[in-house]
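Each remark here refers to the structure printed beneath this line.
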Amino acid sequence: MKIVAINGSPKGINSNTNVIVSSLLKGAQEAGAETVNILLAEKEIKHCKGCHSCWFNTPGQCVIKDDMMEVLSLVGGANIIILATPIYFENISGMLKVFMDRLTMTGNPHSQENIKSENQDLRPAEIQPPKLMMISNCGFPDKSEFEVVSHWFKKVVLKMHTEIAGEIYVTQGKFLTSQEEKLSSIISNYINHLEKAGKEIATNMKLSELTKKILEQNFIIN
361 MKIVAINGSP KGINSNTNVI VSSLLKGAQE AGAETVNILL AEKEIKHCKG
411 CHSCWFNTPG QCVIKDDMME VLSLVGGANI IILATPIYFE NISGMLKVFM
461 DRLTMTGNPH SQENIKSENQ DLRPAEIQPP KLMMISNCGF PDKSEFEVVS
511 HWFKKVVLKM HTEIAGEIYV TQGKFLTSQE EKLSSIISNY INHLEKAGKE
561 IATNMKLSEL TKKILEQNFI IN
């Protein structure tokens, strides 16, 4: 079992997003999974040029020379890929979007010639794509902040012809790195739940609805 997280927070290792991701991966690792936490903030990944050379001139190879191929090599062999991001202007971070755009090189243009719907998968049956998981957090207490991201994520899953391993949307994420004494026990308890969730995912390849409900509760109710 290999679980790879793509952390799209510009704050990298010090981000609220990373508190969630690293805690989840810790639990997964304790359950026997191989885990990789890729911090996009530490990588140089440039914007896709839209030239499609990776389709027609050098299939699977991008003309841009940066860290993208290194990241893809780390993703290779993953059973579950976690996409993680803070909410920026009602959407995923620009950093994660740039990474997703560069995945164009992994597509097959010729598979589109006879395709009749976005649900149709023309890959050989023996090729099983990794399941996808979405993790996001925002500073506000309102769950509606995640409506765009959740919709986008489901479309990505559909486009990649795979399954959802889970979705975790954390409101009041700013408290995850808070130094306030009154919050320390609340955050500590929450991290324990994240580690349990990691074990659950590593074991079942899916997050249960009960665990999701626990992880999406507000830290403070006004």
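If you're matching positions, the sequence shown starts at 361 in the working numbering and goes up one per residue. Glycine residues also receive a C-beta, built at the ideal position from the N, C-alpha and C atoms. Only a predicted model underlies this, so the values are computations on that prediction, with no experimental measurement involved.
Under the 8 Å Cβ criterion, the region 417-430 counts as touching the region 453-467, having at least three qualifying pairs. Between K457 and the set P370, I580 and K559, the nearest pair of CA atoms involves P370.
Ranked by Cα distance from I442, the first of K403, Q539, V381 and A391 is V381.
In the structure shown, the three-state DSSP call for L399 is strand. For V364, the enclosing beta strand (DSSP E) covers residues K362 to N367.
For N378, the enclosing alpha helix (DSSP H) begins and ends at N376 to E390. A525 sits close to L492, with the two beta carbons spaced by under 8 Å. Less than 8 Å separates the beta-carbon of V509 from that of S496. The region 410-456 is shown to contain whole beta strand (DSSP E) runs of 3 or more residues at 440-446, in chain order.
Taking 8 Å as the cut-off, the Cβ atoms of M565 and I440 count as close. Looking at the DSSP output, L463 shares a beta bridge with no other residue.
With a cutoff of 8 Å on beta-carbon distance, I363 and A393 are scored as near each other.
DSSP places E569 in the uninterrupted alpha helix (DSSP H) bounded by E569 to L575. Secondary structure note for L518: its alpha helix (DSSP H) is the uninterrupted segment E507 to K519. Scanning its chain for C-beta atoms nearer than 7 Å, with the 5 sequence neighbours on each side dropped, one finds around P489 the residues M520, H521 and T522, in chain order. Contact between L575 and S383 does not hold, since their C-beta atoms are separated by about 10 Å, which reaches or exceeds 8 Å.
Distance between I547 and G410, taken at the CA atoms: about 43 Å. Here P501 is exposed: its Cβ has fewer than 16 other Cβ atoms, across all protein chains shown, within 10 Å.
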